[in-house]
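Using the numbering used here, count along the sequence shown one by one with no gaps and you end on 1095.
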Amino acid sequence: MPDVALAQRLLNLLGSIPSDRLPLGAAGTIRSLEDAVERNLERPLVVCLAGPSGTGKSRLFNAAVGREARAVGIRRPTTADVGLAGGELPELVDVEVVEAPFDHIALIDLPPLEHDRERTERVVAVSDLCLVVTSMARYADAATAEAIATAERLGVPATIVVNRVPSGVPPDRLRQALIQRHGRRDVVLLPEDPGGRILGEPSGIAELLHLAVENAARIRRYRHDAGIDAAAVEAGRIADELDVAATSARRAIESIDRELARRSVPPALRPIIAQARWSEAMAQVDAAVRHEAAAVVAGFDLELQAEPHDGVVALGAWRRAVDDAAVGAMRLPLLRWFGERGVRHHLWRLAVDVDRPVPRTVRWWLGPRADAIRSAAADEFDAVFGGMLVGRVEPIRERLERTATVPTERIRSVADEILAEAYPTALFRLTPDIAALQAAAEAGIPFEGER
Ligand SMILES: Nc1nc2c(ncn2[C@@H]2O[C@H](COP(=O)(O)OP(=O)(O)OP(=O)(O)O)[C@@H](O)[C@H]2O)c(=O)[nH]1
Ligand SMILES: [Mg+2]
């Protein structure tokens, strides 16, 4: 059934997203969608026979189940209780359950409306399709109109079944008369069975039920499952939230990339690095990066759960913290080496200002032979520091990329499709009966949906 298939697609899409990526409330939506799909897959198409007394409902029911299960008679009304064949309906208690040679349709034989209006309406309300059975003598009367109006008021499509149509009646004329009396809708004409034979004859009911099954998808779509609709609306909201998270993740990835590209060791820092106690400095830088990266990840987690978060701001903070940690780490050993304030000051200026000439004291101390050591240390620093950064950032980037690639577009389009499938106008309520449509157009009768 297309609506269920769509709901299933929506479920698959939502299921493809790791649950920790989904916004709050998504689990509930998925559960109600699963329930709705299951309900729709398990439930047979429910077709009830309603209409004025004596038009042959019980006889059609019997013909469908293949035996004289229900009393058919001259006394009016003949039927006083509800008969159910072909499927189980938990919401219907106190019904006569009749064995049937089919299980894809739950067929219900009703008493005439006036017999027990409340009970009859309750059964019609749970049906997917109401076959309003009438006759040549009664198709234009108030009881037929009332049965149609009742079904429609309860949101159930009504198909008119004119039973026992004599062979001389031109079908097109009859259809046109029905349209004029009851508006455009499906019409099925069942020919009079001259012998009045009850069983084993092609009474038309088998074809009628076959037609109903063929159109089950459309009928169901018209009826629609409110649970699927509600879940589709919710899925749209989930897609919106995921979109916000994805946009912010994409921005964060971009700034991580910019940051990585930017982050090569400034040349002015290299001489200092070369003089620092290498492993100690590295350990401290490493610890700082670990710490800050963990904070950034925690920040994104919060952002995914709560509100839109600016990835650029998070990265800016991270970058500053890492800078401070790195510079601090390098300064500490230097301070221990050169306790003197002046040297420290000059070294620091050297570190931050490329253009400044290297002070003489420093040049004297470092000496020309230190150049080779310095540049080797700087290269190593570049490699280790860069690798370390990538190592820290990569897991974050991976997580963000997963967030940024959630299928929000597809979720939204399937949700929209589900909602658009709820046929909103009477024009699309039922299988368009082409002959009836043409007749209506020729007669200048407006379609119900246009009113
Ligand atoms: N000859 C002939 N008689 C039919 C046909 N369909 C129904 N009847 C007769 O019409 C009478 C009424 O049929 P039912 O099936 O009891 O009608 P119903 O709509 O169930 O009536 P209620 O239960 O009172 O609502 C019975 O005597 C049937 O035998 C038909 O196609 N041909
Ligand atoms: Mg009956």
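Glycine included, C-beta positions come from ideal geometry on N, C-alpha and C.
- The beta-carbon distance between Ala769 and Val806, rounded to whole angstroms, is 24 Å. This is too long to meet the 8 Å contact definition.
- Remark: the C-beta of Asn807 is in contact range of ligand 1, defined as less than 7 Å to any heavy atom.
- Membership of Asn706 in the alpha helix (DSSP H) is indicated by the continuous run Lys701 to Val709.
- With 5 Å as the limit between CB and the heavy atoms of ligand 2, the residues that fall short of it are Lys701, Ser702, Thr722 and Thr723.
- Taking each of Gly700, Pro756, Ala850 and Arg1041 in turn and checking the Cα distance to Arg895, the smallest one comes out for Arg1041.
- The beta carbons of Ala1048 and Ile882 sit no closer together than 8 Å.
- Three or more beta-carbon pairs drawn from the segment 688–702 and the segment 791–800 are found closer than 8 Å, and the two stretches are therefore classed as touching.
- Taking C-alpha positions only, Glu682 is separated from Asp887 by approximately 29 Å.
- For a cut-off of 8 Å, the C-beta gap from Ile752 to Ser771 is around 7 Å, short enough to register as a contact.
- Beta-bridge annotation (DSSP): Ser779 is paired with Asn807.
- Around the beta carbon of Pro755, 16 or more other beta carbons sit within 10 angstroms, so the residue counts as buried.
- Counting C-beta pairs with one atom in each stretch, the segment 666–678 and the segment 867–885 have three or more that are closer than 8 Å, which means they touch.
- Contact between the segment 725–732 and the segment 699–712 is present: three or more C-beta pairs spanning the two stretches fall below 8 Å.
- According to DSSP, residue pairing for Gly727 in a beta bridge involves Glu740 and Asp753.
- In this structure Ala713 does not touch Val739 by the C-beta definition: roughly 12 Å separates them, more than the 8 Å allowed.
- Where Val831 is concerned, the enclosing beta strand (DSSP E) starts and stops at Val831 to Pro835.
- By the neighbour-count criterion, in which 16 or more other beta carbons inside 10 Å mark a residue as buried, Val809 falls on the buried side.
- For Val813, the secondary structure class from DSSP, reduced to helix, strand or coil, is coil.
- Between Val777 and the set Leu704, Ala890 and Glu1045, the nearest pair of CA atoms involves Leu704.
- Distances taken from the Cβ of Ser697 to the heavy atoms of ligand 1 include one shorter than 7 Å.
- If you check the CB distance, Ile804 and Arg829 come in under 8 Å.
- Distance from Leu657 to Asp873 at the Cβ level is roughly 17 Å; contact not present, criterion being Cβ atoms closer than 8 Å.
- The beta carbons of Val832 and Leu852 sit closer together than 8 Å.
- DSSP places Leu655 within a helical segment (H, G or I) once states are collapsed to three.
- Residue range Ile849 to Glu858 is occupied by the alpha helix (DSSP H) that includes Ala850.
- Remark: C-beta atoms of Ile749 and Ala893 do not approach each other more closely than 8 Å.
- The beta carbons of Leu773 and Leu654 sit no closer together than 8 Å.
- Cβ neighbours of Pro745 within its own chain (closer than 6 Å, five residues either side excluded): Gly710.
- Not one heavy atom of ligand 1 falls within 7 Å of the beta-carbon of Glu758.
- Counting the other CB atoms within 10 Å of its CB gives Ser663 a total below 16, which places it among the exposed residues.
- Inter-residue distance for Arg665 and Ile1055 is about 14 Å (C-alpha atoms, whole angstroms).
- Assigned with DSSP and collapsed to three states, Leu677 falls in helix.
- Restricting attention to Gly669, Ile661 and Pro734, the CA atom closest to the CA of Glu686 is found in Pro734.
- From the listed residues Leu822, Thr764 and Pro835, the smallest Cα separation to Ser811 is found for Pro835.
- In the DSSP secondary-structure assignment, Val690 is bridged to Ala750.
- Glu762: member of the alpha helix (DSSP H) spanning Arg761 to Ala769, first to last residue.
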